[in-house]
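J.: One structure follows; several queries about it will come next.
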Amino acid sequence: MKNSIYAFLTLTIMISSCKSNESERPHASLETPVAKKIPKELTIHDDTRIDNYFWMRLSDEQKNAETPDQQTQDVLDYLNAENEYTSKAMAHTEALQDKLYNEIVSRIKKDDQSVPVKDNGYAYYTRFEEGGDYALYCRKKLEDGAKEEIMLNGPEMAKNYAYYGFGGRSVSPDNKMLAFGIDTISRRQYTIFFKNLETGELLKDKLSNTGGSAVWANDGKTVFYTTKDPQTLRQNKIVKHVIGTNQSDDVVVYEEKDDTFRCWVSKTKSDAYLLIGSFQTLSTEYRVLDANTPNGTWKVIQPREKNLEYTIDHFDDHFYIRTNKDAKNFKLVKTPVNKTEKEHWVDVIPHRDNVYFQGMDLFKNHLVVQERKEGLRTIRIIKWDGTDDHYIQFNDPAYFAATTSNLDFDTDVLRYRYSSLTTPNSTFEYNMNDKSQVLLKQTEVIDPNFSVENYASERLFATATDGTKIPVSIVYKKGVERNGKNPLLLYAYGSYGNSMEPTFSSTRLSLLDRGFVYAIAHIRGGQEMGRDWYENGKLLKKKNTFTDFIDVGKFLIDENFTNANHLYAYGGSAGGLLMGAILNMEPDMWNGVIAAVPFVDVVSTMLDETIPLTTFEFDEWGNPKNKAYYDYMKSYSPYDNVEAKAYPNILVTTGYWDSQVQYWEPAKWVAKLRELKTDDNLLIMDCNMKTGHGGASGRLERYKTLALTYAFLLDLEGVSE
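Residues 1 to 721 in full-length UniProt numbering are what the sequence shown lists, from first letter to last.
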C-alpha cells in the first residue's frame, strides 16, 4: 500500500509540475485563432467527406482583385490572425531569431562570385556586391584585359518589388542579344524580355505567361519558348517568336493536348538541334529540328509509349539516349540521326541491376557517365576509343558529386561539383587524361571558428518494418556523445524519385554548434537505391515512404542518438505530406515537427484537375476517380486523417502565392488540427503573404523563415541564445 500511495503522490506531483510548466509556456495564455466552419459535402464512390474549411480556397481572380470580396476578406482575416498568433507565440524568441538570422547571413560571403563558365568566346558568371540581395549577371570576353559587362543588374531591377524572381537567361549565337525571364508575383509565370548587349537597350519584344526561358535558333533572330495554361499553369505550348515582332504574331509550333503531359524546349550541347520534350511521370517523347532551319518541320524521335522514358543528346552522326527501355535502372543507347525509332537503338552502356544510370556528358574524346551505386553518386570517365574507363575517387562516407557547366565539347577537362555533410560545395576541374584535378572554388564559410575538422559524418542503415535497409546520412559536431539525449532533426522528402543528397549547409551549423544531430532518411519514394526504390514508394505503395521515415526515427533512438523527447522531423512540399502522415501515424514519436509548404489535402487536390500539377501527377499518387486509389489515398491523406488526439509541437510554413501547393492546404490543415487536437502543444503557421512555393526571392531575405524554424526547434530544447 505504501508503494502505491508513493507512486500516486509522485505521479500527482509530476502531473502538477507538467501543468505548471505548460502554463508558463508563452502561448498558453494566448487565444488561438478559430476558423469559421462551413460544412461542404464532397461525395465520390458513394463516400462522403465533410470539409468544414473548403471555403478557404480562393480563385486567382479573387486574389488579384483590387477590392476583396467577402470570402477573400474572410480568408485574409484568418491568415493574418494565424500570422499574428505566430508572432505573439514566438515573441519571446525574437532576440534568438535575430541572432540566428545574423549568424546565418554572417557566414555567407557578401561579395561572392561564381566560377566563370566559358561559352562561345565569353566567360559568364554571377556576383554579389556587399549588401546586395540580388545577383549581378556578368560576362567577359575570353581575351586579356577584357572588361566586365553587366548584362543584368539584379539589385537595380528588383528595387520596389516585394518579389523579383529571375528565370532562364540565354544569349544569342552571335553574342549580341540576351533573353531573360522575370516573375514578380511568385507563381512561376514569367515574362521574357530581350536586351541588346551591345547598346544596353531593352527591346520592345515582351513575351508573357511563359515558362521563363527562350531557346535561340542558330539564325540569332528566332527563339522558341513555352507558354502556360493560365489556370492549371501546365506548360502546354511551344511558340516561335521572331525578334522585332509582337507576341500576337507568334506561331505555335507544338501544342501538348494530353493534360497529363507537360512540354519544354531546349537545345543539344552540339547546338545542332532544337528539342521539344513532352513528359509525364512514366512517359516521354522528343521532337527535333535542325537548329539552322527554324521554320522547318519537327521530327519525332520515338513516339510516346506508357512506361517508356528517354532523354537525348547529340554527338557526331548519332543521338545518344538515356532510356528505361528493357532497363528499369536505365541504360545508354545510340541511334543514327536519320533512324531514331527504338528498333534502331543500340546499347552503349547496358542495363545493370545494381547500378542506376543517371545521365551523361558528351565530349569529343570522352563519355562521362553519372551513376548511383549502393545509394552514392559516382562519376565515370570512358574514352571513346576504349583505352580507358575509370571512376573519380571520393572519400567521405556520404557525399554528393555531379558534373556541371560543361558547355565546351572539344576539351579533355571535366568540371564537377562535390560536397558532403562536412565539406562545403566545391567546384573542380578534372583532367580526364592524366586524372589530375584543380579546386577552382570552395564556398567560403565566413566564421573564424569554422573548420571541417570540427564535424563528423556517418552513413548507417536502418531496418524497415518489411526488412528493407534504409540508408541514413548523419552529421554532428565532434564531441557529441551517443547518450540518447541529443536533440536530433530528421529530414526526408521521399517522392517523385528525387534523391536527397548529403550535402553541406552553412546554415545547419547553427543547429550543430548548439548540440543538434542532423540526419537525412533516404526513404523509398526517392531513387537513392535505384528505380525500385522509387517504384516501391509511390501509388499503392506510398505508405512505405511514411513507415520508412518512422522506422529510421526508431532506429536513431535505438542507436542512442536521441529519444522521443528530443526527436524532431522536417519536410517540405511532398515532404510536408510525409510530415502530415507521420503526425497522424506516430504523434508520440516527435517533440516537434516542421511542415514547409505541405501537400496535405491529397484527395481533394488530386480530384480537382483545375489545380496546377494535378493531372501531371496521376502516375505519382494515382487518380482518385479510380476507387482503389481513392480509398488508399484517403487512408493516409493528412487532412482527412486528423483526429481528436494529442499532437506534438508543430510549425507550418506556406506562401499566399504558392502555385505548387496552394496556401489553403496548410491553412485548412492547421484549422482542423486546432479544432480536434487534445493537447496544449504549440501549433503555429507562418504564411508569407508576398511569396510562393520557393519563399523569398532575395538571397538573404529567405533566411528569416529559416531563423524562425530554428528558433522553434531551439526554444523547444530550452536554448535561448
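Every residue gets a Cβ at the ideal spot worked out from N, C-alpha and C, and that includes glycine.
Looking at the secondary structure, which residues open and close the alpha helix (DSSP H) in which residue 574 lies?
T.: Residues 574 to 585.
J.: Which word fits residue 562, buried or exposed, when buried means at least 16 other C-beta atoms lie within 10 angstroms of its C-beta?
T.: By the neighbour-count rule (16 or more Cβ atoms within 10 Å), residue 562 is buried.
J.: Counting Cβ pairs, one atom from each stretch, are 3 or more of them under 8 Å apart for the segment 643 to 655 and the segment 615 to 631?
T.: Contact fails: fewer than three Cβ-Cβ distances are below 8 Å.
J.: Identify every run of the beta strand (DSSP E) within the segment 296 to 345, keeping only runs that are complete inside it and at least 3 residues long; order them along the chain.
T.: Correct list: 310 to 315, 318 to 323, 331 to 336.
J.: Using a Cβ-Cβ cut-off of 8 Å (strictly less than) and excluding sequence neighbours within five positions of residue 469, which residues of its own chain qualify?
T.: Contacts found: 461, 462, 463.
J.: Compare the Cα-Cα distances from residue 175 to each of 216, 84, 682, 144 and report the closest residue.
T.: Taking only the C-alpha atoms, the option nearest residue 175 is 216.
J.: Taking the alpha helix (DSSP H) that residue 706 belongs to, which residues open and close that run?
T.: Its alpha helix (DSSP H) spans residues 703 to 716.
J.: Based on the DSSP output, what are the partners of residue 524 in its beta bridges?
T.: Beta-bridge pairing links residue 524 to 526.
J.: Could you tell me which uninterrupted beta strand (DSSP E) segments, each at least 3 residues in length, are contained entirely in the segment 109 to 147, listed from first to last along the chain?
T.: Qualifying beta strand (DSSP E) stretches, in chain order: 117 to 119, 122 to 127, 136 to 141.
J.: Pull up the distance between the alpha-carbon of residue 494 and that of residue 161, whole angstroms please.
T.: For residue 494 and residue 161, the distance between alpha carbons rounds to 35 Å.
J.: Assign residue 361 to one of two classes, buried (16 or more other C-beta atoms within 10 Å of its C-beta) or exposed (fewer than that).
T.: So residue 361 counts as buried.
J.: Does DSSP put residue 630 in a helix, a strand or coil?
T.: Three-state result, residue 630: helix.
J.: Based on Cα-Cα distance, which residue from 127, 387, 301 lies nearest to residue 340?
T.: It is 301.
J.: So is residue 185 buried or exposed if we call it buried at 16+ other beta carbons inside 10 Å?
T.: Residue 185 is buried by the Cβ-count criterion.
J.: Just the C-alpha distance for residue 146 and residue 140, rounded to the nearest angstrom, thanks.
T.: Between residue 146 and residue 140, the C-alpha separation is close to 6 Å.
J.: Classify residue 442 as helix, strand or coil using the three-state DSSP reduction.
T.: Correct three-state label for residue 442: strand.
J.: Can you give the Cα-Cα distance for residue 567 and residue 590, rounded to whole angstroms?
T.: So the two alpha carbons sit approximately 5 Å from each other.
J.: What's the gap between the Cα of residue 228 and the Cα of residue 204?
T.: Cα to Cα, the separation comes out at about 22 Å.
J.: Could you please give me the residues that DSSP links to residue 473 through a beta bridge?
T.: Paired residues: 459, 520.
J.: Expressed to the nearest angstrom, what Euclidean distance is found between the alpha-carbon atoms of residue 641 and residue 478?
T.: Answer to the nearest angstrom: the Cα atoms are 41 Å apart.
J.: Could you check which residue in 682, 628, 333, 159 has the C-alpha nearest to that of residue 47?
T.: Taking only the C-alpha atoms, the option nearest residue 47 is 628.
J.: Under the three-state reduction of DSSP, which class applies to residue 510: helix, strand or coil?
T.: If DSSP states are grouped into helix, strand and coil, residue 510 belongs with the helices.
J.: Check whether the Cβ of residue 389 lies closer than 8 Å to any heavy atom of the ligand GDP, and answer yes or no.
T.: Absence of the ligand GDP is noted for the structure shown, with no ligands found whatsoever.
J.: Within the continuous alpha helix (DSSP H) that includes residue 80, where are the two ends?
T.: Taken as a continuous stretch (DSSP letters only), the alpha helix (DSSP H) holding residue 80 covers 70 to 89.
J.: Using a Cβ-Cβ cut-off of 9 Å, state whether residue 543 counts as contacting chain B.
T.: Looking at the structure shown, chain B is missing, and only one protein chain is on hand.
J.: Let me know the secondary structure DSSP gives residue 149 once reduced to three states.
T.: Of the three classes helix, strand and coil, the one that applies to residue 149 here is strand, per DSSP.
J.: What does DSSP give as the partner residue(s) for residue 278 in the beta ladder?
T.: Paired residues: 263, 285.
J.: Taking just the CA atoms, how far does residue 600 sit from residue 666?
T.: Their Cα atoms are separated by approximately 7 Å.
J.: Is the beta carbon of residue 309 closer than 9 Å to that of residue 261?
T.: No, the Cβ-Cβ distance between residue 261 and residue 309 is not below 9 Å.
J.: Between which two residues does the beta strand (DSSP E) containing residue 379 stretch?
T.: From DSSP, the beta strand (DSSP E) with residue 379 extends over 376 to 383.
J.: Hey, is the segment 422 to 441 in contact with the segment 449 to 461, meaning 3+ C-beta pairs nearer than 8 Å?
T.: Touching, yes.
J.: Check whether the segment 107 to 115 and the segment 435 to 448 touch, using three or more Cβ-Cβ pairs below 8 Å as the test.
T.: Result yes; three or more Cβ-Cβ pairs closer than 8 Å.
J.: Using DSSP's beta-bridge definition, name the partner residues of residue 360.
T.: 369.
J.: Since residue 500 and residue 530 are thought to touch, with beta carbons under 8 Å apart, how far apart are those beta carbons, to the nearest angstrom?
T.: The Cβ separation is near 15 Å, so there is no contact.
J.: In this structure, does DSSP put residue 674 in helix, strand or coil?
T.: Residue 674: helix per DSSP, three-state reduction.
J.: Thinking just about the alpha-carbon of each residue, which of 164, 177, 88 is nearest to the one in residue 183?
T.: That would be 164, whose Cα lies nearest to the Cα of residue 183.
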